[in-house]
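Remarks on the structure that follows.
In the working numbering, the protein residues as written are 64 to 122.
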């Protein structure tokens, strides 16, 4: 569950919601890749890319 302040920021900046979903998907893909069920590199790329995107939106 995200804090109420984060929900307010997401409403002001709708692209941040997509970045949040990207971070979640990247984390899941990274964990699955570490378990050998997917590509660890792809998960890390999605995770880092979404994090950079969220940082740029918040800046």
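Each residue gets a CB set at the ideal place from its N, CA and C atoms; glycine is no exception.
Three-state secondary structure assigned by DSSP to residue i
i: residue 99; result: coil
i: residue 122; result: coil
Close-in-space but distant-in-sequence residues of the same chain around residue i (CB under 8 Å, 5 per side omitted)
i: residue 104; result: 96
Beta-carbon proximity list for residue i, same chain, < 7 Å, skipping 5 on both sides
i: residue 78; result: 120
i: residue 80; result: 73
N-terminal and C-terminal residue of the alpha helix (DSSP H) that residue i is part of
i: residue 74; result: 67-75
Close beta carbons around residue i, own chain, < 6 Å, minus the five adjacent residues each side
i: residue 113; result: 82, 85, 86, 89
i: residue 107; result: 93
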